[in-house]
Structures are given as structure tokens and as C-alpha cells.
């Protein structure tokens, strides 16, 4: 397909210095992607350590002290250094392109947002050789996180690292909001923006309103640990352990929507392209996204149902209600596929896989909204199952859909589809093998965060099965890594628009020139590239309601 | 249909293979169907929780099969046939449909909320005069259960004036990574009587969880908790701390023994009787320590230990 750039498409062999100092949103987006991929592998190693130890009863491979660091750092890495930045990276790469802008509003702050991430990751990890990384769980409840019970620098390093990640997120959110509100191309009204841009916008509002609360909690904990503070330290008068939980979850619950909304945005771009139909119910989808964002701030204490310190009916009701906009989205996606002409590229497989797996995560989440049910399964493996169906089956599947879909735009070459399909099958099967049994383990009473378990409780075989699943996931990553390697060295060249996409990023070369666009197509709907492609078709074909 | 017989056969084969694998795995495993659902409830409140769980499960399963069915149908039915480049009808939405599929889920979740709230009121209901009161002390990484007779507060059991009046049950402390060298404490409770637990933590947040009661409650320092339950099935039920509490969190197990009231009274009486002169034969059955109770910081009400 013809390229539209006046100058040759930018290549990326422009040297280390260029990559270290770039303020180009596209290069920064690629930096985010590779940083997150590397940390995904590291966080995955921590998970394999956990699963290896739990495969059989008895402590075979590590002490409790090491195990506790493994699950703490696995979750912390995956949440703060993998999923959140992966999606921010997609936002970075795509938002200016999708709205017809030449770059983000604040390119240098954009670069700062990125570089805070590898720096903070190293700060968190340096705990390992310095007496132990953080080991109180990623939720770091007090009094356990206080200096009396968590000695050593690991927790303090974790606090500093997370504060830097939070700063990166907040700067990014400001950047996204200003870019989206002030730099859209002529004709691109808010309701003609791609859904992905809407999800980044709502996510940015959540980041802006929620992350400072986490930062304040972290600073208070640091003061408790290092300056004799009594915010959460119950050994001192006035210390309130429940306060930590409230402040922490006030951010960390919206954080899960920060982690899922952009992934839903990705899926909302991929499914219409490969169904050859527009997203069903665009406006409803936008309102559902905003609704999830708003309701997301009202449910935090559902993580605290068993504390005896929460007004239970309110949080139960709001948690049940948030299932509604999420369900609406499921129906929108399915209806998009209905009467379409579906093409099962790897990206589409991941998007449909997302639908199936996130469905399970949403349903087991509805179980948890019922307080008596939560009384039974709180802090058991049922919760671990829920977390991973929504974050792995949801966010990660969405991220891989995005990677396979936009890789040709980012690098000018398509990832190999055969390897991609092997990757998909391996992850899909592995994921279910690992996490479905955890529902059963939780229901029968197996708590989470235990380095070892009773050999007579009936949990042995399901744990072994989950470990087999975990290694299946790990092995399935190999074809993906090979795919990345061979594609970067010389994969099948992609033109401007290899998938017949709908949105503006497909209206320029792959990869785009540094200034993004030579000229823009007319923007008269949410699918400007589709409209241009079918401008000469009979109107009946493109109309519809 | 867009699918050839060969493709159908391949799909069916894949499904069958996975199904066979699942059956094989479950056949030679210690997993049985009883762990696929919550345990049979051993308390009145647990049964109420189990009932709402069953309702939520049925609705959840129905939604799953409905939506998954729609996904599978769409994936199979609307596959693009090779060479077909014609655009399908470009449908943007359908207001009526969208209103319906918003209204019905709202109704379902509201119904589930109301039913859950009613169940919650049953589960958390408390009577002002429970016949049995037990003190529960949680600390890193052990449980102590304190039985104080009428007229004595369990918090005062450590006071010299009350020496010999209370019964304290405590397990052996964990010894490194060796589970065989460690025993959990057993809380005896009578059948069909309301038992009140007054729970206190000495250090970090712990959580008292009995899967057979489908119930747990966090015990936070400076926020003592009071819960009640009525056990209605004889048996010994495992319990465990579920709130991550540090290095040996995985060891903080305990047991609840539900026995007929007469047996419970006899056990309590036997524990209060001063021990007979030491003999060469180790004393009777049942887990846990003899000798000085595992101690917490000064001020803990641990008194005489007992099996």
C-alpha cells in the first residue's frame, strides 16, 4: 500500500542518544512498551517462584521470608510497572495520532514521565540485595508495614519507588487531558474521538483524582516508619490501622479501573476493525466509561468488608451497580460482532479472548459484592482468581491485542501471525489452567499469601494444576519473544493501513514521520479513515441504524 | 454456515481433548466435588451465607452461559468467508435494545443487593446475652482461646486473684518450616448454643476465619471485635488466619470442635480441675501444648494452659 509521507518514514536506527533524549511521543510510547515488557518478564519470574513453591505442600525451594517478598513484588511490579505503564504507553503513542495532533501538549514532561519508571523500578528492586525487598503484600497494611514489624530498607525503598511512579502517572494524566482537550484536529468533536481516546481521558481523570491520595498515604507511612509518626501505628496513641486501608483503597480501587479502561478502549478499536462494522452503541459506551469512572470512586471499602469498620450496605450496593456499565460494554462488543464479517487475526483473537475471560472476572466480582459471600472468600484464593481474570484475562489480553494490532504502525512491520496464534492458544489455555482452579481453592478455604499449606486440606492437586498452568503461560511467551526478535530484524513490511482500520493513525505512514501527518482526511464521524476508504461507495452500504 | 465439516471436527476434537484431560486430572486427584462449592455450613449463619451464595451462583452461571454462548455463536456464525470483501450492514446501535440490556442488569443487581443485605442482617445479628463467651487473642503467630467463668472477665484472667478460674487453650509455636512439629489450638464450643467471640490482637492485623462457618472477621489492634455464631453440626472444623500477618502467617491455623453441650461442659470442667500429680504417661489426647502457655507481651491474660 502506498505511503503518504512526503519524507521517508522515520527509521529507528537513530542511535542511543536519540532514544535517551527523545521527546517524540511515538518513541516515548515505544520506550514505555519495552520497559513494561521487560518488567512483565521480571514480574512473571516472581510469579513462577510463587507457583513453584506452592506446587506441593511443604517448603521446598525458599524460606517464608523470600516467599513473602516474591508475592509482594510480583503484584507491585505487575500493577505499577507493567499494566499501568503499558497502557499509558499505548496512550502516549496513539492519542496524538488518533486526534490528528503532531505530539502531546508537553513533550518534555512526557519524557520525564517515562524515565521515572525504570528509575523507580530499580529503586524498588534494589531492596533485594539490601536486606530484602518489601514483603508485606502490595497492600502494605499497618501495623505490619510499620518499622517494628517490617525491618530493613525494603519497604522504604518501595514507598519511594511508588511515589515516583505516582508522579509519573499524574504528570502523564495532565499531559493527556490537555492534549485531548486542546489539540484535536478540526472536525474532531469529542463525540467523534476514537473510543480509546475517551478511555484514556476518563483514566486520566481517575489518575488525577486518585493518585495524590496514594502518594499522601505513602508519605504518611514513611513518616511513621522513619520519624516516629503515629498515622497508622497502633502502638502509639492515635494510630489507626484502618485509616491506612481507607486511604490506600481510595486510590487503589480506582487504580483497577485505570488498569482496565484503556484495555477496553483497545478492544473497542480492534473488534470493529475486524468485524468490518462500527462499534455498536458508541455513545452508550462513552457514558458507560464515564459511569465506571465515577462509580469507581464509591466502592473502595468493599476491600474492607471483614474489618467491622465499614458501612456495608452502601459499598455493597455501589459494587453491585458498577457491574451494570461493565455489562453494557460486553453487550456492545458482542453486538458489534453480530452480523459482521469477522477476521481472526491474532489481535482479534486476543480481543475475543478478552471478552470471554473478562466476563468470568466480572461475574466472580459480582459474587464479591454480596457481603455474606465476601465474608467467606475474602483473602482466599477466590480473590486471587478474580484479580487475575480481570487483570490478566482483561488487561493483559487487551494489551497483547493492542501490541499485535499497532505493532505494524509502530515499527512498519507486522508481527508474524502464525507465531502470534501459537502465543494466543498457549496463554489462553495456560491462563485458565492457572486461575480457574483458584476459585475452587478459595471456596474450600485456602487463604492467600501463604508460603505453604496443610497437606491434608485437599488442596494439593489443584495447586499442582495451577503451577502447570503458570509454566504453560511462561512457555507461551517464548514464541512471542521470538516473534518480536525476528520481526524487528526483518518482518513483513506493513503499509499505512494493513488492517483497513477506521481511525486517524492509519492515515499516515508506518511508522509515521516525526510530525505525524502530511495531511489529514476530512473528519466527519468517529471513523474518518473508513469514510475516506468508502467515499465512493453507494451510500446504502455505509449508512445503517 | 461458514464452517466446513473439517473445521467442526477439529474444534470438537480440541474440546473433547480438553474435557478428557480435565476428567483424567480430577480422577487421580484429592480434589472432589465438595470443594467446588463452599463447605457444607456448620453454623446457622453459615447456612444463610450458603443460601445467598447458591442464588448468586445460579445467576452468575446463567449470565456466563448466556454471554459466552452469544460470543461463541458470533465467532462461529459471522466468520468472514474467503474472498468476501463486501461490507456488512453498518449498524451503529439500537436504542431500544440498549435500554433493555441496561434495565435488566440493573434489576438483577438490585435484587441481588436486597437479598444479600437481608442475609447480612441474619449473619451479623447479635443477641445481648449469649450463653457462651470466649476470648480470642491473636498474635504473631498463634491463637489463644480464653474461657472465663461467670463473673470473671476474660481480660482479667491473668490477674493472680483469678488464678485457676480460667481455661486458656494455645497451640505449640511454629518451629521453622516444619509443620509436623506444630499443633494448632482447638476451640471447644457447644452445639446449638450462641457463642460470642471477643477478639483482640496484640500486634498486627490478624483474621479469624472458619471456612465451615463461611465467616471471617479481621482483628485489628485498637479495634477489638465481637462476633457471634451458633454451630449446628458436630465436628472438628479447621480455621486459619487470613489477614497476612508476617513471616509465619501460614502457620496460624486453629480448629473449632463442635460437641454436644454435655461433652463441652465436661471438657470445661476437666480443664478447670487442678492436674493430678505428674505420672510417667503423657496426659490425654487432643492437640496442643502442656506447660507454660506461649507468652505474648506483658499484660496478656494467658493463664494456665490446657489441651
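Protein chains in written order, with the numbering used here: chain A, 1 to 545; chain B, 1 to 307.
Heads up, the beta-carbon is just placed ideally off N, CA and C, and yes, glycines get one too.
Values in this document were obtained by computation on a predicted structure and should not be read as measured data.
(request) Go ahead and label residue 270/B buried or exposed: buried means 16 or more other beta carbons lie within 10 angstroms of its beta carbon, across all protein chains shown. (result) Taking the second chain and counting its residues from 1, one reaches residue 270/B at position 270. With fewer than 16 Cβ atoms within 10 Å of its Cβ, residue 270/B is classed as exposed.
(request) List the endpoints of the continuous alpha helix (DSSP H) containing residue 242/A. (result) Position 242 of the first chain, counted from the first residue, corresponds to residue 242/A. 241-275 is the extent of the alpha helix (DSSP H) around residue 242/A.
(request) Between the Cα of residue 22/A and those of 518/A, 520/A and 514/A, spot the shortest distance and give me the residue it belongs to. (result) In the first chain, counting from the first residue as 1, residue 22/A sits at position 22. When each option's Cα is compared against that of residue 22/A, the closest is 514/A.
(request) Can you give me the start and stop residues for the beta strand (DSSP E) that residue 93/A sits inside? (result) Your numbering for residue 93/A matches position 93 in the first chain. Taken as a continuous stretch (DSSP letters only), residue 93/A belongs to no beta strand (DSSP E), being part of the alpha helix (DSSP H) at 84-98.
(message) Just to make sure I have the definition right: I need the residues of chain A whose C-beta is within less than 8 Å of the C-beta of residue 308/B. Which are they?
(response) This structure leaves residue 308/B out entirely; chain B is present only between 1 and 307.
(request) Measure the CB-CB distance between residue 185/A and residue 123/A and report whether it falls below 8 Å. (result) Locating residue 185/A in the first chain gives position 185, counting from the first residue. Locating residue 123/A in the first chain gives position 123, counting from the first residue. At the C-beta level, residue 185/A and residue 123/A stay beyond 8 Å of one another.
(message) Whole angstroms are fine: how far does the CA of residue 198/A sit from the CA of residue 207/B?
(response) Within the second chain, numbered from 1, the residue matching residue 207/B stands at position 207. Within the first chain, numbered from 1, the residue matching residue 198/A stands at position 198. Cα to Cα, the separation comes out at about 41 Å.
(message) Does residue 404/A come out as helix, strand or coil in the three-state DSSP assignment?
(response) By 1-based counting over the first chain, the position of residue 404/A is 404. Three-state result, residue 404/A: helix.
(message) Quick check on this structure: which residue in 223/B, 93/B, 120/B and 41/B has the alpha carbon closest to the alpha carbon of residue 339/A?
(response) On the first chain, position 339 is the one that residue 339/A refers to. Nearest of 223/B, 93/B, 120/B and 41/B to residue 339/A, Cα basis: 93/B.
(request) With residue 218/B as the anchor, note down where its beta strand (DSSP E) starts and where it stops. (result) Here residue 218/B is taken as the residue at index 218 of the second chain, counted from 1. Residues 215-219.
(request) Identify the continuous alpha helix (DSSP H) that holds residue 32/A and give its terminal residues. (result) Within the first chain, numbered from 1, the residue matching residue 32/A stands at position 32. Boundaries of the alpha helix (DSSP H) harbouring residue 32/A: 25-54, taken from the DSSP string.
(message) Tell me whether the region 506-524 of chain A and the region 163-173 of chain A touch, counting them as touching only if at least three CB pairs, one residue from each stretch, are closer than 8 Å.
(response) The region 506-524 of chain A and the region 163-173 of chain A do not touch, with fewer than 3 CB-CB distances between them shorter than 8 Å.
(message) Check whether chain A comes within 8 Å of residue 196/B, counting only Cβ atoms and requiring the distance to be less than that.
(response) On the second chain, residue 196/B is found 196 positions in, with the first residue counted as 1. Answer no: the Cβ-Cβ gap between residue 196/B and chain A never drops below 8 Å.
(request) Please report the Cβ distance between residue 334/A and residue 71/B, rounded to the nearest whole angstrom; I am assuming they are in contact, meaning their Cβ atoms lie under 8 Å. (result) Your numbering for residue 334/A matches position 334 in the first chain. Your numbering for residue 71/B matches position 71 in the second chain. Correct: roughly 6 Å between the Cβ atoms.
(request) Quick one: list the residues of chain A neighbouring residue 119/B, beta-carbon separation under 7 Å, in chain order. (result) One-based indexing of the second chain puts residue 119/B at position 119. Under the 7 Å cutoff, chain A gives 372.
(message) Just to confirm, is the Cβ distance from residue 142/B to residue 171/B under 8 Å?
(response) Looking up residue 142/B in the second chain gives position 142. Looking up residue 171/B in the second chain gives position 171. Their beta carbons are under 8 Å apart, which means residue 142/B touches residue 171/B by this criterion.
(request) Give a yes or no on whether the C-beta atoms belonging to residue 48/A and residue 451/A are separated by under 8 Å. (result) As a working mapping, residue 48/A is identified with position 48 in the first chain. As a working mapping, residue 451/A is identified with position 451 in the first chain. No. Outside cutoff.
(request) Starting from the C-beta of residue 296/A, find all residues in its chain whose C-beta is less than 6 Å away, skip the five residues before and the five after it, and write them out in chain order. (result) In the first chain, the residue the question calls residue 296/A occupies position 296. Contacts found: 254 and 257.
(request) Compute the beta-carbon to beta-carbon distance between residue 305/A and residue 371/A, rounded to the nearest angstrom, for a pair I have assumed lies under 8 Å. (result) Residue numbering aside, residue 305/A sits at position 305 when the first chain is read from its first letter. Residue numbering aside, residue 371/A sits at position 371 when the first chain is read from its first letter. Between residue 371/A and residue 305/A the Cβ distance is about 5 Å, and since that is below 8 Å, they are a contact.
(request) Can you check DSSP and say which residues form a bridge with residue 413/A? (result) Counted from its first residue, the first chain places residue 413/A at position 413. Answer is 493/A, bridged to residue 413/A.
(request) Report the residue from 158/B, 238/B and 193/B whose alpha carbon sits nearest the alpha carbon of residue 264/B. (result) The residue given as residue 264/B occupies position 264 in the second chain. Selection 158/B, 238/B and 193/B evaluated against residue 264/B yields 193/B as nearest (Cα-Cα).
(message) Would the region 363-382 of chain A count as touching the region 47-54 of chain B if we require 3 or more Cβ pairs under 8 Å?
(response) At 8 Å Cβ cutoff, the stretches touch.
(message) For the beta strand (DSSP E) containing residue 259/B, name the first residue and the last one.
(response) Position 259 of the second chain, counted from the start, is the residue given in the question as residue 259/B. Start and end: 253-259.
(request) Would you check if the region 192-212 of chain A and the region 264-278 of chain A touch, i.e. whether three or more CB-CB distances between them fall below 8 Å? (result) Put simply, the region 264-278 of chain A touches the region 192-212 of chain A. At least three CB pairs are less than 8 Å apart.
(message) At a CB distance below 8 Å, what residues from the region 234-257 of chain B approach chain A? Give them in sequence order.
(response) Against chain A - using a Cβ distance shorter than 8 Å - the residues of the region 234-257 of chain B are 238, 240, 241, 242, 243, 244, 245, 246, 247, 248, 249, 250 and 253.
(request) Report yes if the CB atom of residue 449/A is closer than 8 Å to the CB atom of residue 71/A, and no otherwise. (result) Here residue 449/A refers to the residue found at position 449 when the first chain is read from its first residue. Here residue 71/A refers to the residue found at position 71 when the first chain is read from its first residue. Judged by their CB atoms, residue 449/A and residue 71/A are nearer to each other than the 8 Å cut-off.
(request) Rounded to whole angstroms, what's the CA-CA distance from residue 349/A to residue 377/A? Just pull it up for me. (result) As a first step, residue 349/A must be located in the first chain, where it is residue number 349. As a first step, residue 377/A must be located in the first chain, where it is residue number 377. So the alpha carbons of these two residues sit roughly 32 Å apart.
(message) For residue 307/B and residue 128/B, what's the separation of their Cα atoms in angstroms?
(response) Mapped onto the second chain, residue 307/B falls at position 307. Mapped onto the second chain, residue 128/B falls at position 128. Below a pLDDT of 50, predicted positions are generally treated as unreliable, and residue 307/B, at 35, falls in that range; no measurement from the model is reported.
(request) Using beta-carbon positions only, say whether residue 244/A and residue 76/A come within less than 8 Å of one another. (result) As a position in the first chain, residue 244/A is number 244, starting the count at 1. As a position in the first chain, residue 76/A is number 76, starting the count at 1. The Cβ atoms of residue 244/A and residue 76/A lie no closer than 8 Å to each other.
(message) Taking the beta strand (DSSP E) that residue 133/B belongs to, which residues open and close that run?
(response) Your numbering for residue 133/B matches position 133 in the second chain. First-last of the beta strand (DSSP E) with residue 133/B: 132-139.
(message) Nearest by alpha-carbon distance to residue 127/A: which of 179/A, 160/A, 173/A and 97/A is it?
(response) Translated into the one-based positions of the first chain, residue 127/A becomes position 127. Measuring from the Cα of residue 127/A, the nearest candidate turns out to be 160/A.
(request) Compare the beta carbon distance of residue 88/A and residue 172/A with 8 Å and say whether it is the shorter of the two. (result) On the first chain, residue 88/A is found 88 positions in, with the first residue counted as 1. On the first chain, residue 172/A is found 172 positions in, with the first residue counted as 1. Yes, the pair counts as a contact, with Cβ atoms nearer than the cut-off.
(request) Compare the beta carbon distance of residue 95/A and residue 179/A with 8 Å and say whether it is the shorter of the two. (result) Stepping through the first chain from its first residue, residue 95/A is reached at position 95. Stepping through the first chain from its first residue, residue 179/A is reached at position 179. When the beta-carbon positions are compared, residue 95/A and residue 179/A come within less than 8 Å of each other.
(request) Look at the alpha carbon of residue 320/A and the alpha carbon of residue 303/A, and state the distance between them as a whole number of angstroms. (result) On the first chain, residue 320/A is found 320 positions in, with the first residue counted as 1. On the first chain, residue 303/A is found 303 positions in, with the first residue counted as 1. Going from the Cα of residue 320/A to the Cα of residue 303/A covers about 14 Å.
(message) Applying the 10 Å Cβ sphere with the 16-neighbour rule, what's the burial state of residue 505/A?
(response) Looking up residue 505/A in the first chain gives position 505. Result: buried.
(request) Pull up the distance between the alpha-carbon of residue 262/A and that of residue 388/A, whole angstroms please. (result) Within the first chain, residue 262/A is the residue found at index 262, counting from 1. Within the first chain, residue 388/A is the residue found at index 388, counting from 1. Spanning the two alpha carbons is a distance of roughly 17 Å.
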